[in-house]
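In the numbering used here, the protein residues as written are 840 to 1154.
Just so it is clear, CB atoms sit at the ideal spot from N, CA and C, and this is done for glycine as well.
Working notes, beginning with the structure itself.
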């Protein structure tokens, strides 16, 4: 039974008799998004279910799977990724519009959910993307599910944009990193937000270490005659970050500020923010660790969420 009726699973089998819709907003963050699986798993084990879900970027993938009732399958798939799986996962392409095609996203989602259209999912769902032509948020609540999620996950520069009609669509995190606004528009009375970008680790100055993903990027650079762009010459490097890391960190800084503004103007009722400062956006090989952190963060939030739901039901 969903939490909308303040019923058994949401509130320890105490029926409050008020119709209430509870939604969860799943933010973007690349590989950090494995934490969404842990968050949703922990809340589900505590008997807390959501009536609707909205997702940005990796949050759109996790949200679509959750809405279809197939979260355990996504967890199983996520635990098997290693560094050697990255070329297959990302799908390299000639870098006119992005280093990677992102087509695997659609194949993965289709294999798990077996649902063609968003409206055929078990719960109301929204995927957030941004149209570069009109510089505005595009919220998909109907139509082809895999295409919508692919568009929401198309990180600029890394993945090719998705074209739908006259729209050129990229990652929703460009304008709405945590889609609280989408859930409010869908009619949610209570919104739980999962923010993956709330903290950052310090940049190590003077270190010469290479990120795990750097070797793969370097091989692409050689293939595409971009070696000079990817690896600094001589003594120019002063940090332990690759060019990809710097670009992604810059994006995270911007998204964090956007989230602060959005939360101030339209605050969620509860925020879950797993500690992921040491996790890079492309650390897909660390899925198990990231999921565990998501679970722990959700478990800490459960008492506050139960209190919130009870209080809201009594209003």
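Beyond the five residues adjoining it in sequence on each side, residue 1130 comes within less than 6 Å, by CB distance, of 873, 876, 877 in the same chain, given in chain order. Counting the other Cβ atoms within 10 Å of the Cβ of residue 890 gives 16 or more, which makes it buried. For residue 912, the enclosing alpha helix (DSSP H) begins and ends at 910–917. With fewer than 16 other beta carbons inside 10 angstroms of its own, residue 974 counts as exposed. Restricted to the stretch 869–904, the beta strand (DSSP E) segments that are unbroken, complete and at least 3 residues in length are 891–895, listed in chain order. By the Cβ rule, the stretch 1131–1149 does not count as touching the stretch 1011–1023, because fewer than three pairs are nearer than 8 Å. Here the C-alpha atom of residue 1086 lies approximately 27 Å from the C-alpha atom of residue 1104. DSSP places residue 1143 within a helical segment (H, G or I) once states are collapsed to three. Boundaries of the beta strand (DSSP E) harbouring residue 1009: 1006–1010, taken from the DSSP string. In this structure residue 961 is in contact with residue 906, their Cβ atoms being roughly 6 Å apart against a cut-off of 8 Å.
Taking all protein chains shown into account, residue 1004 has fewer than 16 neighbouring C-beta atoms within 10 Å of its C-beta and is therefore exposed. In the structure shown, the three-state DSSP call for residue 1118 is coil. Rounded to whole angstroms, residue 911 and residue 953 show a C-alpha spacing of 15 Å. Taking one beta carbon from each stretch, the stretch 982–997 and the stretch 1023–1038 have fewer than 3 pairs nearer than 8 Å; the two do not touch.
Counting along the chain, the unbroken alpha helix (DSSP H) around residue 945 starts and ends at 942–952. Taking every protein chain shown into account, the CB of residue 1098 has 16 or more other CB atoms within 10 angstroms, so this residue is buried. According to DSSP, residue 1030 shares a beta bridge with 862. Within the same chain, 874, 877, 1113, 1114, 1115 come within 7 Å of residue 1132 by CB-CB distance, once the 5 residues on both sides are set aside. Annotation: residue 1019 is outside any beta strand (DSSP E); the continuous alpha helix (DSSP H) that includes it extends over 1019–1025. In this structure, residue 957 lies near residue 984, with their beta-carbon atoms less than 7 Å apart.
As the crow flies, the alpha-carbon of residue 1106 is around 24 Å from that of residue 992. In this model, residue 901 and residue 863 are separated by some 11 Å (Cα to Cα). Distance from the Cα of residue 903 is smallest, within the candidate group 943, 918, 966, for 966. Here the alpha carbon of residue 979 sits roughly 8 Å from the alpha carbon of residue 968.
Within the model, the alpha-carbon separation for residue 982 versus residue 943 is close to 19 Å.
With contacts defined by Cβ atoms closer than 7 Å, residue 1094 and residue 1035 do not form a contacting pair. Shown here, residue 975 sits in a strand according to DSSP, grouped into three states. Going by C-alpha positions, residue 1145 is about 43 Å away from residue 972. Between residue 865 and residue 1092, the C-beta gap is not smaller than 7 Å, which leaves the two residues out of contact.
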